[in-house]
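The letter at position 7 of the first sequence is residue 9 when you use this note's numbering, and the numbering goes up by one with no holes. For glycine and all other residues, C-beta sits at the position ideal for the given N, C-alpha and C. Note that this is a predicted model, so its numbers are computed, not measured.
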Amino acid sequence: MPHTEKTTTSKFTTEVHCAHQELWASEKDPAWFTYDIVAEDPTTHARAGVFHTPHGDIPTPIFMPVGTKATVKGLLPDTVKSLGTKILLANTYHLSQRPGDELIAELGGLHSFMCWDGPILTDSGGFQVFSHEQFMKLSDEGVKFRAVDYDGAWSWWTPETNMQIAQNLGADIVMQLDQCVGYPSSRTKVERSVELSSAWADRCYQAHTRLDQALFGIVQGGMHLDLRRRSIEHLEQAGDFPGYGIGGYSVGEPHEVMFETLEPLCADYMPRTKPRYLMGVGNPTTLIRSVAAGIDMFDCVLPTRTARMGTAFSYQGRMNMKNTKYVHDSGPIDSACTCPVCTGGYTRAYLNHLVRQHEMLAGELLSMHNIYFLLNLMHQAREAILAGNYGEFVTKWLESGGVKDF
RNA sequence: GGGGAUAUGGCACAGCGGCAACUGCGGCGGACUGUAAAUCCGCUCCCUCUGGGUUCCUUGGUUCGAGUCCAAGUAUCCCCA
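This is the structure in structure tokens:
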């Protein structure tokens with residue numbers, strides 16, 4: 003039976019269930035959650051490194067495919083792994099709703115539950131606070147929200163209960179509960195989101211006790227460099243976070259607007275020795291430029307969602323496989339791609355047929371291709387950083403046709 | 001041979017006196033960024049396109065006005081011989 007303890011904050015008391023704590027590691031391996039920087043590019047801020055987790059090492063820069071509900075939609079875990087995936091994302095909000103984090107704990111934790119023995123990162127649900135804003139009521143204590151995408155029931159989350167969910171799930175890396183605001187937002191609103199996210203970072207840090215799990219703080223601050231700076235400085239003071247998420251980007255702003263603050267943030271304010279995770283970015287060109295700015299980790303639903311909608315990434319830009327021009331096309335999606343789909347004899351004509359007929363294999367094959375595409379892109383980026391010529395790599399990419407279509 | 005029903009844009013359907021005509025499918029294109037998403041949004045008769053022209057099986061009629069009402073014809077489907 004899960005035991006119960008009480009967590010008290012200034013205004014309320016809430017019951018927190020710790021499910022199957024006996025599964026937790028009793029002591030921390032000193033190698034866990036250390037970040038080794040293997041190479042730094044001489045002409046950009048790019049770094050190549052290795053982040054160590056209980057379920058394996060993560061080479062950086064890295065793209066993390068998203069499996070929100072404990073599945074990368076349509077793909078077998080073995081397939082996901084065979085594409086080169088080193089770490090997967092899942093989501094505490096969705097999994098706490100269905101099937102429930104305590105059930106997952108009872109069944110041995112997220113890794114065994116979803117048949118994935120590699121590293122997993124769970125997002126807190128801060129993004130859902132943003133995207134479900136109309137169904138949420140924020141306060142300093144926490145967030146009251148309706149699970150409109152499930153049964154519509156009201157739930158109440160605090161940083162403490164959110165950490166307990168994350169600990170029950172048992173991912174290798176967990177994100178603090180934060181508040182992500184959209185673009186454009188008033189400075190006042192952004193400032194308040196920084197204050198709230200900072201306060202919640204402190205409480206998450208205090209509430210998080212699981213030794214075989216890394217808690218990442220999240221930098222907010224929108225498009226205001228001074229607020230970004232305030233956010234990261236607070237996190238550094240708050241505790242020894244093994245890594246940092248950078249949230250609040252890719253929320254509708256033009257790419258240039260993001261880089262205006264992301265570049266100086268990484269160059270001047272983010273601690274050099276910790277991994278930096280740019281949350282929610284999956285556009286290939288933005289990935290490449292962000293690595294140059296000093297980002298180490300990315301996640302995004304873009305490759306998998308767009309795949310299910312019939313879009314394939316390529317070195318020429320995005321391709322809508324449903325287009326009539328592919329009906330008679332007997333070539334692979336991208337002849338320069340070495341993924342199992344492009345090298346497996348699957349033609350554009352066949353994919354066009356599958357997409358038009360709404361066959362589920364279309365989404366599966368395109369998801370495989372798109373995930374591989376981004377993983378491979380980051381692999382190439384890493385090789386370039388190790389070779390000391392990442393600047394050239396970026397220039398080459400920007401001068402190729404890819405940019406205008408991504 | 002007798003009786004009944006139906007004919008609408010690529011297909012399937014709606015429309016019961018004011019219609020370039022509902023809806024779905026199909027077709028063409030687009031969007032998608034810590035997944036409320038195998039979803040969503042446009043366009044889909046013609047033209048010299050903030051307007052004009054020609055449409056709802058055919059022909060004729062009633063009416064200010066007909067896809068809608070009347071008559072005849074044609075075609076298809078069903079039932080009984």
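Simplified DSSP assignment, three categories, for W399: To locate residue 399, count along the first sequence from 1; it is residue 397. In this structure, W399 counts as helix in the three-state DSSP scheme.
Burial state of T87, where buried means 16 or more other Cβ atoms lie within 10 Å: Within the first sequence, numbered from 1, the residue matching residue 87 stands at position 85. Result: buried.
3 or more residues per run - each beta strand (DSSP E) lying fully within the stretch 179-266: You should have 216-221, 246-248.
Simplified DSSP assignment, three categories, for P79: On the first sequence, position 77 is the one that residue 79 refers to. In the displayed model, P79 falls within a helix according to three-state DSSP.
Alpha carbon of P56 to alpha carbon of I122, nearest angstrom: For this step, residue 56 is matched to residue 54 along the first sequence. For this step, residue 122 is matched to residue 120 along the first sequence. Taking the straight line from one Cα to the other gives about 10 Å.
Distance, Q318 Cα to A107 Cα: Numbered from 1 along the first sequence, position 105 holds the residue referred to as residue 107. Numbered from 1 along the first sequence, position 316 holds the residue referred to as residue 318. In a straight line, the C-alpha of A107 is about 44 Å away from that of Q318.
Assumed close pair V221, G249 - CB separation to whole angstroms, cut-off 8 Å: Residue mapping note: residue 221 aligns to position 219 of the first sequence, counting from 1. Residue mapping note: residue 249 aligns to position 247 of the first sequence, counting from 1. Between V221 and G249 the beta-carbon gap is near 7 Å, inside 8 Å, which marks them as a contact.
Own chain partners of T45 with C-beta closer than 6 Å, once the 5 adjacent residues on each side are dropped: Within the first sequence, the letter at position 43 stands for residue 45. Hits under 6 Å: G393.
Whole-angstrom distance between H210 and V131, CA atom to CA atom: Position 129 of the first sequence, counting from 1, holds the residue named residue 131. Position 208 of the first sequence, counting from 1, holds the residue named residue 210. Approximately 20 Å between the Cα atoms of the pair.
Under the three-state DSSP convention, the category G390 falls into: Residue 390 sits at position 388 when you count from the first residue of the first sequence. G390: coil per DSSP, three-state reduction.
CA nearest to the CA of I335, picked from F137, D301, Y374: Taking the first sequence and counting its residues from 1, one reaches residue 335 at position 333. The shortest C-alpha separation from I335 is found at Y374.
Distance between E361 and H355 (C-alpha atoms, nearest Å): For the purposes of this step, residue 355 is identified with residue 353 of the first sequence, where counting begins at 1. For the purposes of this step, residue 361 is identified with residue 359 of the first sequence, where counting begins at 1. For H355 and E361, the distance between alpha carbons rounds to 9 Å.
Residue range of the unbroken alpha helix (DSSP H) whose run includes A41: Residue numbering aside, residue 41 sits at position 39 when the first sequence is read from its first letter. Careful: A41 lies outside any alpha helix (DSSP H), inside the beta strand (DSSP E) at 37-42.
Beta-carbon spacing of Y185, G224 below 8 Å: Locating residue 185 in the first sequence gives position 183, where the first residue counts as 1. Locating residue 224 in the first sequence gives position 222, where the first residue counts as 1. In contact: Y185 and G224 (Cβ atoms closer than 8 Å).
Buried versus exposed call for P1 [16 or more other C-beta atoms within 10 Å across all chains shown]: Only positions 3 to 408 of the chain appear in the structure, and residue 1 is not among them; the question remains open.
DSSP beta-bridge partners of C302: By 1-based counting over the first sequence, the position of residue 302 is 300. Partner(s): P67.
Segment limits, beta strand (DSSP E) that includes I335: Counting from one through the first sequence, the residue named residue 335 turns up at place 333. Note, I335: premise wrong, no beta strand (DSSP E); not H, not E.
Helix, strand or coil at S98 according to DSSP, with G and I counted as helix: Looking up residue 98 in the first sequence gives position 96. In the structure shown, S98 falls within a helical segment according to DSSP collapsed to helix, strand and coil.
Under 8 Å between C-beta atoms of I64 and R49: If you number the first sequence from 1, residue 64 lands on position 62. If you number the first sequence from 1, residue 49 lands on position 47. Their beta carbons are not under 8 Å apart, which means I64 does not touch R49 by this criterion.
Beta-carbon proximity list for M286, same chain, < 7 Å, skipping 5 on both sides: As a working mapping, residue 286 is identified with position 284 in the first sequence. According to the sequence provided, residue 286 is Pro. The question's Met does not apply to it. Counting only Cβ-Cβ distances below 7 Å, and skipping sequence neighbours, we find F315, L376, L379, G404, F408.
Backbone CA spacing between F395 and S402 [nearest angstrom]: By 1-based counting over the first sequence, the position of residue 395 is 393. By 1-based counting over the first sequence, the position of residue 402 is 400. In a straight line, the C-alpha of F395 is about 11 Å away from that of S402.
Limits of the unbroken beta strand (DSSP E) element including A92: For the purposes of this step, residue 92 is taken as the residue at position 90 of the first sequence. Per DSSP, A92 is one residue of the beta strand (DSSP E) stretching across 90-93.
For F408, three-class secondary structure by DSSP: To locate residue 408, count along the first sequence from 1; it is residue 406. In the three-state reduction of the DSSP assignment, F408 falls in the coil class.
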